[in-house]
Amino acid sequence: MGRGQARPRHRGARRHGHGRLRRGGRGGPAQRRPRTDAVASGERAAVRDLELSDPRRIGGYRLLRRLAEGRTGVVYLARSLGGAPGALKVIRREHARNPEFRARFERDVAAARHVSARCLVGVLAADTAGGTMWAAYPYVPGPALPEVVAAHGPLPREPVRIIGAMLAEALGAVHQAGLAHQDVRPGHVHLLPDGPRLTGFGGTGTVGGTPGYQSPEQARGGPGTPGPTTDIFSLGCVLAYAATGRHPFGTGTGRELVHRVVHEPADLADVPRSLLELIQACLAKDPVLRPTATDIFAELARPGEAGGLGRTAAWLPAPVAAEVNQRFHARLPAP
């Protein structure tokens with residue numbers, strides 16, 4: 019079998035002798051969040067000026083620019099009264115009026131405030147009870163993974179390994195708290211000089227993941243609440259995307275993607291051999307056969323990385339590092 023070729027039906031994921039990997043991840047329940055939009059759509063990232071209808075101040079924040087727009091709300095670049103930058107998401111009125119959405123939003127925010135990890139972006143402040151529902155997060159001044167892949171192509175093996183290790187560490191903290199992220203996807207992975215950041219945890223209020231990055235059990239729906247093993251499947255998809263530049267289950271309608279995720283193997287051609295078996299394990303159709311976040315971190319982390327990766331983006335290829343550094347050091351709009 020050639021380099022990076024996917025094995026049919028993820029047979030590699032069913033092997034129990036893969037290094038330090040352990041099957042059958044455990045963790046607490048999390049709210050299921052099904053979505054029907056197409057793969058990798060998420061928020062539409064396009065920084066632009068505020069519109070006339072946009073609020074200028076919310077809570078203790080002054081809004082400066084529109085950062086992104088999604089199905090449930092608009093994300094703004096904002097500054098706190100103390101001058102700190104933030105990303106503030108305002109929930110659309112039609113969702114804010116929905117009692118079930120409000121309850122999920124409040125639950126998400128409360129959960130996110132109890133979890134901390136070095137590359138997990140949590141909630142700074144929120145209003146889950148007022149007429150305008152919002153949540154503020156630390157501003158992440160780095161490009162999202164889809165921007166990098168679109169501009170520079172897939173990443174080499176070593177940056178993919180580092181992304182996998184650091185995201186696994188973040189998810190491990192989430193899972194140890196008895197929670198799950200439930201929407202790990204490329205658009206929620208941002209690259210900074212000192213490593214990746216995982217966004218999208220807490221304050222979304224949505225139900226389900228992103229088609230093509232959902233786990234089979236998440237895509238099927240039904241009774242029960244997918245937990246940490248769903249995040250592991252999604253992480254495997256993200257790593258495959260980073261390594262190949264392709265969505266592992268292709269593109270198409272939500273229904274087409276659900277069918278592929280549930281019934282077909284992922285496209286893992288071109289995945290580096292040293293990462294292939296691990297990614298196959300993450301993408302096992304049976305959640306019991308997937309490794310835990312702790313297992314993945316132990317498999318991918320290297321001594322010395324616990325203290326960080328420095329501040330020059332040297333862990334990335336030179337063209338990507340240049341863009342990451344430029345974005346990180348760019349001056350924000352004046353208040």
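Heads up: the sequence shown begins at 19 in this note's numbering, then just goes up one per residue.
Even for Gly, the Cβ is constructed at its ideal location relative to N, Cα and C.
Mind checking if residue 296 is an interface residue toward chain D, Cβ cutoff 8 Å exclusive?
Going by chain labels, chain D is absent from the structure shown, which holds only one protein chain.
Residue 193 burial status per 10 Å Cβ neighbour count (16 or more: buried)
buried
Residue 289 and residue 261 - do their beta-carbons sit closer together than 8 Å?
yes
Checking 8 Å against the spacing of the C-beta atoms, do residue 190 and residue 299 come in under that value?
no
Are the CB atoms of residue 284 and residue 267 within a distance shorter than 8 Å?
yes
Hey, is the segment 314-321 in contact with the segment 149-159, meaning 3+ C-beta pairs nearer than 8 Å?
no
Tell me which residue opens and which closes the alpha helix (DSSP H) that residue 252 is part of.
246-262
Mapping the DSSP letters down to three states, classify residue 154 as helix, strand or coil.
strand
What is the C-beta distance between residue 202 and residue 249, in whole angstroms, given that I count them as a contact (C-beta under 8 Å)?
5 Å
Are residue 162 and residue 204 close, meaning C-beta to C-beta below 8 Å?
yes
Just to confirm my understanding: we take residue 354, look at its own chain, exclude 5 residues before and 5 after, and list those with CB closer than 8 Å. What are they?
The first residue shown for the chain is 19 and the last is 353, placing residue 354 beyond what the model contains.
Counting along the chain, where does the alpha helix (DSSP H) carrying residue 292 start and finish?
291-300
What would DSSP say about residue 145, mapped onto helix, strand or coil?
strand
Residue nearest to residue 123 in terms of C-alpha spacing, selected from 148, 196, 171
148
Anticipated Cβ contact below 8 Å, residue 80 with residue 105, distance rounded:
Residue 80 to residue 105, Cβ: 13 Å. No contact.
Quick check: the Cα distance between residue 139 and residue 293, rounded to an integer number of angstroms?
26 Å
Thinking C-beta only, is residue 120 closer than 8 Å to residue 211?
no
Comparing C-alpha positions only, which one of 66, 246, 346 sits nearest to residue 215?
346
Assuming residue 246 contacts residue 198 (C-beta within less than 8 Å), just tell me the rounded distance between them.
5 Å
Output the distance between the C-alpha atoms of residue 108 and residue 94, rounded to the nearest integer angstrom.
8 Å
How far does the alpha helix (DSSP H) with residue 347 in it extend, from its first residue to its last?
336-347
Using C-beta distances below 6 Å, list every residue in its chain close to residue 234, excluding the 5 sequence neighbours before and after it, in chain order.
279, 280, 303
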